[in-house]
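Comments concern the structure below.
Numbering (the working numbering), first residue to last: 53 to 167.
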């Protein structure tokens with residue numbers, strides 16, 4: 053059973069920073085595109101950032117310049133460094149692993165940004 057376990061969420065003030073981590077197991081981590089998505093109350097899940105097996109990154113316009121996705125294939129872990137956080141970044145953040153027709157999700161971690 054593939055497992056993606058997120059950590060690092062919490063409560064932070066506007067302008068603060070958090071780093072999310074997602075540890076993967078039971079997959080060949082290095083070949084997967086990894087991503088972070090988020091879902092705010094009453095809204096659809098949306099893409100935050102992705103990173104391919106080759107290290108190419110993609111970001112939602114709303115987080116460009118503030119968030120950085122990275123991966124450590126030796127540790128089977130993907131990270132999301134979030135700086136200059138805003139109240140509108142408040143959501144449950146989900147880790148995703150994707151290749152061809154296979155996609156896996158973590159259980160999510162709550163990020164709350166207070167104003």
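Glycine residues also receive a C-beta, built at the ideal position from the N, C-alpha and C atoms.
Being a predicted model, the structure only gives us computed values, none of them experimental.
Beta-ladder partner(s) of residue i, from DSSP
i	result
residue 79	Residue 79 is not bridged to any residue.
residue 59	73
residue 36	Outside the displayed span of the chain (53 to 167) sits residue 36, for which this structure offers no information.
Local conformation of residue i per DSSP, three classes
i	result
residue 113	coil
residue 153	coil
Continuous beta strand (DSSP E) stretch holding residue i: start and end
i	result
residue 92	Taken as a continuous stretch (DSSP letters only), residue 92 belongs to no beta strand (DSSP E), as it is neither H nor E.
residue 98	98-103
residue 84	Counting along the chain, residue 84 falls outside any beta strand (DSSP E), and DSSP gives it neither H nor E.
residue 122	119-124
Nonlocal neighbours in the same chain, by C-beta distance under 6 Å from residue i, ignoring five residues either side
i	result
residue 99	89, 112
residue 172	Within the shown structure, residues of the chain are numbered from 53 to 167, placing residue 172 beyond reach of any answer.
Pair within 9 Å by beta-carbon distance, residue i and residue j
i	j	result
residue 63	residue 165	yes
residue 103	residue 122	yes
residue 149	residue 109	no
Contact set for residue i: own chain, Cβ-Cβ below 7 Å, skip 5 residues either direction
i	result
residue 158	56, 57, 58, 74, 146, 147
residue 60	70, 71, 72, 73, 161
residue 53	78
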